[in-house]
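These protein sequence lines are chains R and U, in that order. 117 is the number that numbering that gives the first Met the number 0 gives to position 118 of the first sequence; each next residue is one higher, with no gaps. 289 is the number that numbering that gives the first Met the number 0 gives to position 290 of the second sequence; each next residue is one higher, with no gaps. For every residue, glycine included, the Cβ atom is placed at its ideal position computed from N, Cα and C. Here the structure is laid out as structure tokens; the discussion comes afterwards.
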Amino acid sequence: MKRFRCILFYCALCGIFAAMVFPLIWMLLLSLTGNSSQFTMANFIYIFSANHFGLYLANSVVVALIVTAGNMLFCLMCGYALARRKIIADRFWFYTVMIVLMVPAHIVIIPIYILMTKCGLYDSYAALILPWLVSPIGIFLVRQYITTLPQSLEEAARIDGAGELTILFRIIMPLCRPALAILAVQVFMTSWNNFLFPFILTSSEQYRTLPVALALLLGYQSIDWHQLMAGSTVAVIPVIAVFLIFQKQIISGITAGAFKQ
Amino acid sequence: MRYPGKGRGWLLFSPWILTFLLFWLFPLIYSFVLSLTDYRLLSTETHSLGLANYGKLLSDPDFQSALKNSFIFVFGTIPFTTVISLGMALLLNNRFRGRSFFRAAYFMPSITAMVVMALIFSNLYSRGGYLYLLAQMAGLNPPANGFLLSQKTALPAIMAMDIWIASGYYMLLFLGGLQSIPLELYEASRIAGASRWQQFRYVTLPLLKPMTLFIIVINSIKSFQVFTEIFVMTKGGPLNATLTGVYFVYENGLRRFDFGYASAAAYIVFVIIAVASALQFKFLKTEWTA
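Shown next as structure tokens:
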């Protein structure tokens with residue numbers, strides 16, 4: 000009976016595994032084959048030479064890196080202000096987060112589109128980057144982490160005459176490295192996969208990121224699935240690589256975030 | 000000891016204040032203002048319409064079917080996603096070798112870009128695609144042009160994909176909830192002679208309630224906002240069969256550039272989301288404390 004149960008358990012486990020991983024494997028298979036069923040890299044070569052996937056990839060990388068760097072800096076500043084200067088910002092913070100959680104993106108996208116157009120920022124890197132430079136989840140992560148740090152170090156530095164910025168960047172930042180790592184990974188993945196805002200705030204190829212390029216490719220009449228899946232593979236690989244390397248941190252970050260909310 | 004003045008604290012906090020004001024609060028207010036006008040991209044003059052846009056929307060058959068589809072989407076996916084993700088979490092909440100491997104694999108679809116997932120499934124659902132052939136082999140007689148080009152199957156096909164993608168994410172949250180249940184409770188109930196089912200029914204389920212509530216609320220907020228998969232897979236078609244509330248906003252606001260009308264639609268969807276979350280909180284809370 001026990002043995003039967005064990006077999007059943009592993010069957011369920013592997014069945015779900017197959018169902019979950021199958022579409023990604025399917026994507027990989029299609030990307031590596033052509034009209035003949037032999038394995039080939041031709042699709043990848045094609046999308047980078049005949050299509051502008053090099054440009055899209057570069058755009059995705061640049062935007063994701065700048066957004067990640069911005070978040071590490073700004074979330075650190077905001078998280079520190081919240082953790083140590085409680086009276087000032089706590090109320091404001093609470094209400095703003097409630098609003099951000101409740102307000103759906105589709106309601107702000109039209110005004111942001113008009114705003115960007117009026118400022119001459121429509122269809123530029125600024126449009127891709129500016130709205131995302133600091134994220135509530137990132138601020139939250141940093142704040143939680145700083146509140147666990149002892150205040151004695153900062154106080155000692157303050158007695159020695161260190162300014163607020165010195166304390167923040169010389170003492171707090173190095174201590175926050177674990178929190179900043181989780182933050183960086185999450186922000187990078189979110190930015191990399193982002194579709195709605197880049198899609199609506201840009202129009203020319205010059206600023207097109209990978210998800211936008213892929214979504215627009217399907218619109219054409221003749222679809223070459225093999226090339227499309229090669230492009231998808233390029234878009235998926237960095238995220239899966241980052242996920243597999245930082246799996247533990249990502250998962251703990253997600254569950255922690257959910258519990259605190 | 001020298002403490003920094005209040006001004007410094009605000010200065011450090013200013014990135015968030017600016018982002019919030021520019022990209023959340025201002026748009027939120029501005030889109031309400033827009034919804035009361037007939038502002039268009041190239042219009043030379045703008046008129047105030049009062050609530051006329053809202054009235055027009057409620058009698059717009061496109062908007063009606065968009066709302067209907069949004070509700071079908073939310074009510075059709077959430078029960079499945081919740082039960083499946085709970086099942087997966089229960090499965091993974093055992094001690095066995097390779098646990099973190101399976102957990103990572105189950106979570107993989109959730110970290111993959113929605114655009115990519117939608118592309119893969121467009122292929123799987125298309126005529127001659129893998130799932131299409133599978134359905135054929137099972138004798139299910141799939142629609143001639145693939146699942147996404149038939150009015151009957153397009154929306155259910157996208158819903159099925161969403162259940163499949165989201166399950167891994169909510170599994171992770173359930174797993175966190177399960178692991179926070181103290182083991183002593185299980186031991187105590189075992190000593191008291193409870194069967195496994197009784198343990199699940201009287202220990203696990205009640206203690207998972209807060210997490211389940213959280214998951215249902217978050218999931219319905221997200222499901223009311225489906226856009227990417229609709230855009231990639233069907234563009235609202237065939238014949239409005241997959242037109243959802245948010246897709247309607249996009250179609251009117253950013254394709255026809257009828258900003259006022261689209262903003263009014265966006266506000267109606269927003270109010271529905273807010274009311275639905277509030278009701279869920281109230282209903283599920285009283286249900287559970289009773």
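How big is the Cα-Cα spacing for residue i and residue j?
i               : j               : result
I15 of chain R  : F100 of chain U : 13 Å
N192 of chain R : F198 of chain R : 12 Å
L24 of chain U  : R90 of chain R  : 16 Å
F43 of chain R  : L56 of chain R  : 13 Å
Y45 of chain R  : N122 of chain U : 20 Å
P3 of chain U   : M172 of chain R : Note on P3 of chain U: pLDDT 49, under 50, position unreliable in the model; the coordinate value appears next. Rounded to the nearest angstrom, the two C-alpha atoms are 18 Å apart.
A80 of chain R  : K117 of chain R : 33 Å
M113 of chain U : A191 of chain U : 48 Å
L7 of chain R   : C13 of chain R  : 10 Å
I244 of chain R : V238 of chain R : 10 Å
I113 of chain R : M232 of chain U : 27 Å
F21 of chain R  : C10 of chain R  : 16 Å
H105 of chain R : E228 of chain U : 15 Å
K1 of chain R   : A153 of chain U : 43 Å
Y124 of chain U : L147 of chain U : 7 Å
A63 of chain R  : V96 of chain R  : 23 Å
V186 of chain R : F73 of chain R  : 12 Å
L212 of chain U : L171 of chain U : 15 Å
T201 of chain R : R98 of chain U  : 42 Å
A212 of chain R : R83 of chain R  : 43 Å
F256 of chain U : I222 of chain R : 29 Å
T32 of chain R  : G138 of chain U : 29 Å
L242 of chain U : Q150 of chain R : 54 Å
I267 of chain U : N52 of chain U  : 11 Å
In the DSSP assignment, what are the bridge partners of residue i?
i               : result
F38 of chain R  : R:T32
T43 of chain U  : DSSP lists no partner for T43 of chain U.
T165 of chain R : Paired residue(s): none; T165 of chain R is not in a bridge.
S125 of chain U : U:G145
T36 of chain U  : U:S47
Figure out for me which residue from the options has the closest Cα to the Cα of residue i.
i               : options                           : result
H290 of chain U : U:Y38, U:L238 and U:F22           : Here chain U covers residues 0 to 289 and nothing more, so residue 290 of chain U does not appear.
N183 of chain R : R:L129, R:P103 and R:S134         : It should be pointed out that residue 183 of chain R corresponds to Ala in this sequence rather than to Asn. If we check each option's Cα against that of A183 of chain R, R:S134 comes out closest.
A295 of chain U : U:W9, U:I16, U:L66 and U:F22      : Nothing can be reported for residue 295 of chain U: it is not among the residues displayed for chain U, which extend from 0 to 289.
F139 of chain R : R:L129, R:R157, R:S36 and R:W92   : R:W92
E204 of chain R : R:L100, R:L27, R:R169 and R:D122  : R:D122
M26 of chain R  : R:Q246, R:I111, R:C74 and R:T232  : R:T232
C175 of chain R : R:R142, R:F194 and R:V241         : R:R142
L10 of chain U  : R:V186, R:L164, R:C5 and R:T32    : R:L164
E183 of chain U : U:L40, U:Y249, U:Q198 and U:F173  : U:Q198
L177 of chain U : U:F258, U:V248 and U:S84          : U:S84
A88 of chain U  : U:T76, U:A104, U:S188 and U:G75   : U:A104
T111 of chain U : U:W163, U:P141, U:N52 and U:A159  : U:W163
A273 of chain U : U:Y260, U:F223, U:G259 and U:R254 : U:F223
G252 of chain R : R:Y144, R:A229, R:P130 and R:G162 : R:Y144
Run through chain R and tell me which residues come within less than 7 Å of residue i, C-beta to C-beta.
i               : result
S69 of chain U  : The premise fails here: S69 of chain U is roughly 11 Å from chain R at the closest Cβ pair, so nothing lies under 7 Å.
G252 of chain U : I109
F146 of chain U : Ordered by position in chain R, no residue passes the 7 Å Cβ test against F146 of chain U, which lies about 15 Å from the chain.
F101 of chain U : L12 and F16
Could you name the residues of chain R that residue i contacts, counting a contact when the two beta carbons are closer than 9 Å?
i               : result
I119 of chain U : P22, L23, W25, M26, L29, M228 and S231
G291 of chain U : Since the first residue shown for chain U is 0 and the last is 289, residue 291 of chain U is missing from the structure and cannot be characterised.
V248 of chain U : H105, I106, I108 and I109
A104 of chain U : I15, F16, M19 and V20
F258 of chain U : I109, P110, Y112 and I113
Can you list the residues of chain U that residue i reaches, using a CB-CB cut of under 9 Å?
i               : result
F194 of chain R : A112, M113, V114, F226, T227, F230 and V231
Q246 of chain R : S99, R102, A103 and F106
Anything in chain U within Cβ reach of residue i, meaning under 8 Å, just list it in chain order.
i               : result
T254 of chain R : L171, L172, L174 and G175
C77 of chain R  : L11, F12, P14 and W15
F168 of chain R : Residues of chain U passing the Cβ test: none, with the nearest at roughly 11 Å.
A68 of chain R  : Within chain U, no residue comes near A68 of chain R; the closest Cβ sits about 13 Å away, beyond 8 Å.
V238 of chain R : I110, T111 and A112
Mind pulling the chain B residues with CB within less than 7 Å of residue i?
i               : result
A214 of chain R : Going by chain labels, chain B is absent from the structure shown, which instead holds the protein chains R and U.
Could you tell me which chain R residues have their CB closer than 8 Å to the CB of residue i, listed as they occur along the chain?
i               : result
V245 of chain U : P103 and H105
L123 of chain U : P22 and W25
M136 of chain U : Simply none; closest approach about 16 Å.
Residues of chain U with CB closer than 7 Å to the CB of residue i, please, in chain order.
i              : result
A11 of chain R : L90
R84 of chain R : G8
What residues in the region 116 to 140 of chain R have a beta carbon less than 7 Å from any beta carbon of chain U? P130, L132, V133 and I138
Which residues, in chain order, does the region 79 to 96 of chain U contribute to contact with chain R at a C-beta distance below 7 Å? M87 and L90
What are the residues in the region 19 to 40 of chain U lying within 8 Å of chain R by C-beta distance? F19, L21, F22, W23, L24, F25, P26, L27, Y29, S30 and L33
Interfacial residues, the region 260 to 275 of chain U to chain R, with Cβ spacing under 8 Å: A261, S262, A265, Y266, V268, F269, I272 and A273
Where the region 51 to 67 of chain U meets chain R: residues whose CB sits under 7 Å from a CB there: none
What are the residues of the region 185 to 217 of chain U that lie near chain R, defined by any Cβ-Cβ distance shorter than 7 Å? F213
Where the region 199 to 214 of chain R meets chain U: residues whose CB sits under 7 Å from a CB there: I199, P210, L213 and A214
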